[in-house]
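Note sheet for the following structure.
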(Lines of atoms letter the chains of each structure in order from A and count residues from 1; the text may use other names and numbers.)
(Lines give C-alpha, C1' and ligand atoms only; values in the text may rest on other atoms or scores of the structure.)
Protein backbone atom coordinates (compact mmCIF):
# COMPACT_ATOMS: atom_id res chain seq x y z
CA UNK A 1 0.00 0.00 0.00
CA UNK A 2 1.37 3.41 -1.01
CA UNK A 3 0.92 6.83 0.54
CA UNK A 4 1.34 10.36 -0.73
CA UNK A 5 1.69 13.35 1.57
CA UNK A 6 0.87 16.76 0.18
CA UNK A 7 -0.06 20.23 1.40
CA UNK A 8 -3.32 21.83 0.33
CA UNK A 9 -3.26 25.62 0.21
CA UNK A 10 -6.85 26.85 0.61
CA UNK A 11 -8.03 30.15 -0.89
CA UNK A 12 -8.10 33.16 1.45
CA UNK A 13 -6.32 31.26 4.24
CA UNK A 14 -9.06 28.76 5.13
CA UNK A 15 -11.30 26.06 3.70
CA UNK A 16 -14.45 27.73 5.05
CA UNK A 17 -15.33 31.04 6.77
CA UNK A 18 -15.02 29.79 10.36
CA UNK A 19 -11.67 28.22 9.48
CA UNK A 20 -10.51 31.62 8.23
CA UNK A 21 -11.72 33.28 11.44
CA UNK A 22 -9.56 30.89 13.47
CA UNK A 23 -6.62 31.50 11.12
CA UNK A 24 -6.89 35.28 11.45
CA UNK A 25 -7.08 35.28 15.26
CA UNK A 26 -3.67 36.03 16.79
CA UNK A 27 -4.49 34.09 19.97
CA UNK A 28 -5.42 30.82 18.24
CA UNK A 29 -3.22 28.42 16.28
CA UNK A 30 -4.78 25.63 14.23
CA UNK A 31 -2.83 22.42 14.84
CA UNK A 32 -4.85 19.63 13.24
CA UNK A 33 -8.17 18.39 11.95
CA UNK A 34 -8.88 15.01 13.51
CA UNK A 35 -11.91 14.39 11.33
CA UNK A 36 -14.20 16.12 8.86
CA UNK A 37 -17.39 14.63 7.45
CA UNK A 38 -20.23 15.85 5.28
CA UNK A 39 -23.74 15.07 6.54
CA UNK A 40 -26.79 14.10 4.50
CA UNK A 41 -28.23 17.61 4.75
CA UNK A 42 -25.12 19.10 3.10
CA UNK A 43 -23.64 20.54 6.29
CA UNK A 44 -20.39 19.22 7.77
CA UNK A 45 -18.83 18.42 11.13
CA UNK A 46 -15.17 18.56 12.08
CA UNK A 47 -12.97 18.16 15.13
CA UNK A 48 -10.16 20.70 15.48
CA UNK A 49 -7.06 20.56 17.65
CA UNK A 50 -5.97 24.10 18.52
CA UNK A 51 -3.41 25.99 20.56
CA UNK A 52 -5.07 28.69 22.63
CA UNK A 53 -7.45 28.99 25.56
CA UNK A 54 -10.81 27.28 25.80
CA UNK A 55 -12.58 30.54 26.61
CA UNK A 56 -11.13 32.45 23.67
CA UNK A 57 -11.85 29.68 21.12
CA UNK A 58 -15.43 29.57 22.46
CA UNK A 59 -15.68 33.34 21.93
CA UNK A 60 -14.39 33.15 18.35
CA UNK A 61 -16.74 30.34 17.32
CA UNK A 62 -19.77 31.95 18.98
CA UNK A 63 -19.21 34.95 16.69
CA UNK A 64 -19.17 32.89 13.45
CA UNK A 65 -22.60 32.88 11.72
CA UNK A 66 -21.62 29.85 9.62
CA UNK A 67 -21.19 27.71 12.75
CA UNK A 68 -24.45 25.89 13.49
CA UNK A 69 -23.24 24.29 16.72
CA UNK A 70 -19.96 23.84 18.54
CA UNK A 71 -18.41 22.36 21.66
CA UNK A 72 -15.00 23.35 23.04
CA UNK A 73 -12.91 21.52 25.63
CA UNK A 74 -9.38 21.77 27.04
CA UNK A 75 -7.27 18.60 26.90
CA UNK A 76 -3.79 18.99 28.36
CA UNK A 77 -1.95 21.69 26.40
CA UNK A 78 -4.45 21.65 23.53
CA UNK A 79 -8.01 22.80 22.89
CA UNK A 80 -10.38 20.54 20.97
CA UNK A 81 -13.33 22.08 19.15
CA UNK A 82 -16.22 20.14 17.60
CA UNK A 83 -17.84 22.33 14.94
CA UNK A 84 -21.01 21.77 12.91
CA UNK A 85 -20.99 24.24 10.04
CA UNK A 86 -22.51 25.21 6.71
CA UNK A 87 -20.34 23.98 3.85
CA UNK A 88 -19.17 25.99 0.87
CA UNK A 89 -18.00 24.91 -2.60
CA UNK A 90 -14.39 24.42 -1.43
CA UNK A 91 -15.33 22.07 1.42
CA UNK A 92 -17.89 20.23 -0.71
CA UNK A 93 -15.31 19.73 -3.46
CA UNK A 94 -12.64 18.45 -1.09
CA UNK A 95 -14.99 16.05 0.70
CA UNK A 96 -16.16 14.65 -2.64
CA UNK A 97 -12.61 13.56 -3.54
CA UNK A 98 -12.23 10.57 -1.15
CA UNK A 99 -15.87 9.63 -1.73
CA UNK A 100 -15.25 9.33 -5.49
CA UNK A 101 -11.98 7.36 -5.34
CA UNK A 102 -10.81 4.18 -3.64
CA UNK A 103 -8.41 5.90 -1.27
CA UNK A 104 -8.19 6.38 2.49
CA UNK A 105 -7.54 9.77 4.05
CA UNK A 106 -5.15 9.26 6.95
CA UNK A 107 -6.18 11.51 9.82
CA UNK A 108 -5.37 13.71 11.58
CA UNK A 109 -4.70 16.39 8.98
CA UNK A 110 -1.92 18.71 10.15
CA UNK A 111 -1.83 22.48 9.71
CA UNK A 112 1.47 23.90 8.52
CA UNK A 113 2.97 27.07 9.98
CA UNK A 114 1.70 28.95 6.90
CA UNK A 115 -1.88 27.70 7.17
CA UNK A 116 -1.72 24.86 4.65
CA UNK A 117 -3.28 21.47 5.29
CA UNK A 118 -0.75 18.64 5.30
CA UNK A 119 -2.59 15.42 4.54
CA UNK A 120 -1.76 11.88 3.60
CA UNK A 121 -3.83 9.64 1.31
CA UNK A 122 -3.36 5.89 1.13
CA UNK A 123 -4.17 3.56 -1.75
CA UNK A 124 -2.96 2.21 -5.06
CA UNK A 125 -0.53 4.48 -6.90
CA UNK A 126 -2.71 5.01 -9.97
CA UNK A 127 -5.74 5.81 -7.80
CA UNK A 128 -3.75 8.31 -5.76
CA UNK A 129 -2.71 10.12 -8.96
CA UNK A 130 -6.36 10.34 -10.03
CA UNK A 131 -7.31 11.60 -6.59
CA UNK A 132 -4.75 14.41 -6.62
CA UNK A 133 -5.85 15.45 -10.11
CA UNK A 134 -9.44 15.87 -8.86
CA UNK A 135 -8.62 18.41 -6.12
CA UNK A 136 -10.72 21.58 -6.73
CA UNK A 137 -9.03 24.18 -8.94
CA UNK A 138 -9.25 26.94 -6.32
CA UNK A 139 -7.07 24.94 -3.90
CA UNK A 140 -3.29 24.95 -4.31
CA UNK A 141 -1.39 21.68 -3.94
CA UNK A 142 2.25 20.94 -3.10
CA UNK A 143 3.53 17.36 -3.10
CA UNK A 144 5.88 16.49 -0.23
CA UNK A 145 6.65 12.76 -0.15
CA UNK A 146 5.53 9.28 -1.12
CA UNK A 147 6.38 5.75 -0.05
CA UNK A 148 5.14 2.61 1.67
CA UNK A 149 2.50 3.43 4.28
CA UNK A 150 3.39 3.15 7.99
CA UNK A 151 0.64 4.80 10.07
CA UNK A 152 1.86 4.73 13.67
CA UNK A 153 4.57 7.43 13.52
CA UNK A 154 2.32 9.96 11.76
CA UNK A 155 -0.47 9.59 14.31
CA UNK A 156 1.95 9.94 17.21
CA UNK A 157 3.55 13.11 15.79
CA UNK A 158 0.13 14.68 15.24
CA UNK A 159 -0.68 14.29 18.94
CA UNK A 160 2.04 16.83 19.81
CA UNK A 161 1.24 20.52 20.09
CA UNK A 162 2.45 22.90 17.38
CA UNK A 163 5.35 24.15 19.54
CA UNK A 164 6.33 20.60 20.45
CA UNK A 165 6.37 19.61 16.78
CA UNK A 166 8.53 22.64 15.93
CA UNK A 167 10.90 21.84 18.80
CA UNK A 168 11.22 18.18 17.82
CA UNK A 169 11.94 19.00 14.17
CA UNK A 170 14.58 21.56 15.21
CA UNK A 171 16.17 19.10 17.66
CA UNK A 172 16.43 16.39 15.03
CA UNK A 173 17.79 18.80 12.41
CA UNK A 174 20.40 20.07 14.88
CA UNK A 175 21.56 16.54 15.76
CA UNK A 176 20.30 16.57 19.35
CA UNK A 177 19.37 12.86 19.20
CA UNK A 178 22.51 11.70 17.38
CA UNK A 179 25.27 9.74 19.13
CA UNK A 180 27.35 11.55 20.14
CA UNK A 181 24.94 14.45 20.65
CA UNK A 182 25.69 17.38 18.32
CA UNK A 183 23.47 20.08 19.86
CA UNK A 184 22.37 21.41 23.23
CA UNK A 185 19.13 22.94 24.47
CA UNK A 186 20.78 26.33 23.95
CA UNK A 187 21.55 25.55 20.29
CA UNK A 188 17.94 24.55 19.62
CA UNK A 189 16.66 27.56 21.55
CA UNK A 190 18.72 29.92 19.40
CA UNK A 191 17.21 28.42 16.24
CA UNK A 192 13.67 28.78 17.56
CA UNK A 193 14.16 32.12 19.38
CA UNK A 194 13.18 30.56 22.71
CA UNK A 195 14.96 29.93 26.00
CA UNK A 196 16.94 26.79 26.74
CA UNK A 197 14.60 26.06 29.65
CA UNK A 198 11.55 26.19 27.37
CA UNK A 199 13.19 23.85 24.87
CA UNK A 200 14.10 21.42 27.64
CA UNK A 201 10.53 21.43 28.94
CA UNK A 202 9.13 20.76 25.46
CA UNK A 203 11.56 17.90 24.85
CA UNK A 204 10.72 16.28 28.20
CA UNK A 205 7.00 16.41 27.39
CA UNK A 206 7.64 15.04 23.89
CA UNK A 207 9.71 12.16 25.24
CA UNK A 208 7.09 11.38 27.88
CA UNK A 209 4.31 11.33 25.26
CA UNK A 210 6.29 9.12 22.86
CA UNK A 211 7.45 6.64 25.48
CA UNK A 212 3.99 6.36 27.03
CA UNK A 213 2.48 5.67 23.59
CA UNK A 214 4.92 2.95 22.51
CA UNK A 215 5.10 0.94 25.73
CA UNK A 216 2.49 -1.87 25.58
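Residue numbers (the working numbering): 1141 to 1356. Don't be surprised by glycine CBs; every beta carbon is placed ideally from N, CA and C. Small disclaimer: the values here were computed from a predicted structure and weren't measured.
>> Can you tell me where the alpha helix (DSSP H) holding residue 1268 begins and where it ends?
In response: The count along the chain shown starts at 1 and reaches residue 1268 at position 128. Residue 1268 -> alpha helix (DSSP H) spans 1265 to 1273.
> Between residue 1210 and residue 1322, what straight-line distance do the alpha-carbon atoms span, to the nearest angstrom?
Replying inline: Translated into positions along the chain shown, residue 1210 becomes position 70. Translated into positions along the chain shown, residue 1322 becomes position 182. One C-alpha to the other measures close to 46 Å.
> Alpha carbon to alpha carbon, what distance is there between residue 1266 and residue 1315?
Replying inline: Counting from one through the chain shown, the residue named residue 1315 turns up at place 175. Counting from one through the chain shown, the residue named residue 1266 turns up at place 126. Using only the alpha carbons, I get a separation of about 37 Å.
>> Using only CA atoms, which one of 1200, 1242, 1177 and 1172 lies nearest to residue 1190?
In response: The count along the chain shown starts at 1 and reaches residue 1190 at position 50. Nearest C-alpha to residue 1190: 1172.
>> So, for residue 1342: in the same chain, excluding its five sequence neighbours on each side, which residues have a beta-carbon less than 7 Å away from its beta-carbon?
In response: The count along the chain shown starts at 1 and reaches residue 1342 at position 202. Excluding sequence neighbours, residue 1342 sits near 1303, 1304 and 1307.
> Below 9 Å between beta carbons: does that hold for residue 1176 and residue 1183?
Replying inline: Position 36 of the chain shown, counted from the start, is the residue given in the question as residue 1176. Position 43 of the chain shown, counted from the start, is the residue given in the question as residue 1183. No Cβ-Cβ contact shorter than 9 Å links residue 1176 with residue 1183.
> For residue 1143, which beta-bridge partners are listed by DSSP?
Replying inline: Locating residue 1143 in the chain shown gives position 3, where the first residue counts as 1. Note: residue 1143 sits in a beta bridge opposite 1262 and 1287.
>> Across the stretch 1220 to 1233 and the stretch 1188 to 1208, are there enough close Cβ pairs to call them in contact, namely three or more that are closer than 8 Å?
In response: The stretch 1220 to 1233 and the stretch 1188 to 1208 touch, with no fewer than 3 CB-CB distances between them shorter than 8 Å.
>> Which same chain residues end up closer than 6 Å to residue 1330 when comparing Cβ atoms and leaving out the 5 residues on each side of it in sequence?
In response: The residue you call residue 1330 lines up with position 190 of the chain shown. Cβ contact annotation for residue 1330 (same chain, cutoff 6 Å, sequence separation greater than five): none.
>> Here's a check: name, in chain order, each residue in its chain whose Cβ is nearer than 7 Å to the Cβ of residue 1245, leaving out the five neighbours to either side.
In response: If you number the chain shown from 1, residue 1245 lands on position 105. These residues qualify, in order along the chain: 1238, 1259 and 1261.
> Between which two residues does the alpha helix (DSSP H) harbouring residue 1231 extend?
Replying inline: Counting from 1 along the chain shown, the entry for residue 1231 is found at position 91. Residue 1231 -> alpha helix (DSSP H) spans 1229 to 1240.
> By a C-beta neighbour count over all protein chains shown, 10 Å radius and 16 as the cutoff for buried, is residue 1197 buried or exposed?
Replying inline: As a working note, residue 1197 is residue 57 in the chain shown. Answer is buried; the Cβ neighbour count reaches 16.
>> Residues in the same chain with beta-carbon distance under 7 Å from residue 1161, minus the five sequence neighbours each way, listed in chain order, please.
In response: Your numbering for residue 1161 matches position 21 in the chain shown. Excluding positions up to five away in sequence, the list reads 1200 and 1204.
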